[in-house]
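**Student:** Below is a structure I'd like to ask you about.
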Amino acid sequence: MSSPIAKPKKNIIDKTLIKIHNKSSHLSRVEILSNLFYEEIVKLGLKNKRTNFLDVGCGDMSIAKSLSSKLNNCNYTCIDIYPNTNKWDNYVQFNGKNIPFENDSFDIVIFSDMLHHDYENIINLLEEAKRVSSFIFIKDHFEYSYYSRKILQAADFIGNYGYGVSIPKRYLSKSSFSDFLNSVDLVEVKRICPIHLYAKSKIIKYIFNPKYQFMSISKKHKITTL
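In terms of this note's numbering, the sequence shown opens at residue 2 and continues consecutively.
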């Protein structure tokens, strides 16, 4: 998720990329993804209680804020690696490896387009998410070829470079993602792919294949799906 606090001082190129990103996709993307998270939380039956969720790698917190407004009865916390220079409520800085909360502190941990930015640390982050929550919601990208990787990198450049967020060298494949889940003993209860994130964009929808986007819901073995 793009973060305005990752790079406080932005040059003209950064500002231009941010303007393009905001105009082309940011607001609609936030609404689509927060709706998707909300719908799946309802299906799990978690909306019937005071849902407590954690957004890891929250960026500008826009998805968490949008989701919380839909849930109404919820508590949420956002963490990222950058100092809280904006004095945001509900925001906690962390070291990128250790989630700074006790075991079973949350109902849900959300990773929204975050894991591919820390590929080498995915197993550790999943272990930490499993430790502090019952369910893990992952929104990320699948690459299928050299071409899809370059398309994803181009999208990341537009969406993140202006904020100072690094561009990944590779992305998850379907097989590598399954391997990561298996390695930390997580059970995938649902996967949504493709996701039509840019259906309303006159240009992007023809370049960015919906199958590059996916969402996965995983749980611990001991948790019974509702």
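We put the CB at the ideal spot given by N, CA and C, even for glycine.
Can you tell me whether N49 is buried or exposed, with buried defined as 16 or more other CB within 10 angstroms of its CB?
**Tutor:** In the sequence shown, the residue the question calls residue 49 occupies position 48. Looking at its Cβ environment, which holds fewer than 16 other Cβ atoms inside 10 Å, N49 is exposed.
**Student:** Span of the alpha helix (DSSP H) holding I152?
**Tutor:** In the sequence shown, counting from the first residue as 1, residue 152 sits at position 151. Per DSSP, I152 belongs to the alpha helix (DSSP H) from Y147 to N161.
**Student:** Is any non-hydrogen atom of the ligand MG found closer than 7 angstroms to the C-beta of Y207, if you look at the structure I gave you?
**Tutor:** Looking at this structure, you won't find the ligand MG or any other ligand, since it has none at all.
**Student:** Which value, in whole angstroms, describes the spacing of the CA atoms of F112 and K201?
**Tutor:** Residue numbering aside, residue 112 sits at position 111 when the sequence shown is read from its first letter. Residue numbering aside, residue 201 sits at position 200 when the sequence shown is read from its first letter. Taking the straight line joining both Cα atoms gives about 24 angstroms.
**Student:** Does the stretch 121-137 come within contact of the stretch 85-102, defined as at least 3 CB pairs closer than 8 angstroms?
**Tutor:** yes
**Student:** On the three-state DSSP scale, how would you describe D114?
**Tutor:** For this step, residue 114 is matched to residue 113 along the sequence shown. The answer is coil: DSSP assigns D114 none of H, G, I, E or B.
**Student:** By a C-beta neighbour count over all protein chains shown, 10 Å radius and 16 as the cutoff for buried, is P84 buried or exposed?
**Tutor:** Along the sequence shown, read from residue 1 onward, the residue named residue 84 stands at position 83. Per the 10 Å Cβ criterion, exposed.
**Student:** N76: which of N91, K131 and I82 sits nearest, CA to CA?
**Tutor:** Within the sequence shown, numbered from 1, the residue matching residue 76 stands at position 75. When each option's Cα is compared against that of N76, the closest is N91.
**Student:** Please state the DSSP three-state secondary structure of R51.
**Tutor:** Residue 51 sits at position 50 when you count from the first residue of the sequence shown. Coil, per DSSP.
**Student:** Under three-state DSSP, which class holds N210?
**Tutor:** Locating residue 210 in the sequence shown gives position 209, where the first residue counts as 1. N210: coil per DSSP, three-state reduction.
**Student:** Would you kindly work out how many angstroms separate the C-alpha atoms of D186 and I139, rounded to a whole number?
**Tutor:** By one-based count along the sequence shown, residue 186 stands at place 185. By one-based count along the sequence shown, residue 139 stands at place 138. One C-alpha to the other measures close to 15 angstroms.
**Student:** Return yes when the Cβ of K206 is within less than 8 angstroms of the Cβ of Y213, no when it is not.
**Tutor:** In the sequence shown, residue 213 corresponds to position 212, counting from 1. In the sequence shown, residue 206 corresponds to position 205, counting from 1. No, they are not a contact pair.
**Student:** Got a sec? Which residues, its chain only, sit under 7 angstroms from N104 by beta carbon, not counting five neighbours each side?
**Tutor:** Stepping through the sequence shown from its first residue, residue 104 is reached at position 103. So the qualifying residues of the chain are R132 and V133.
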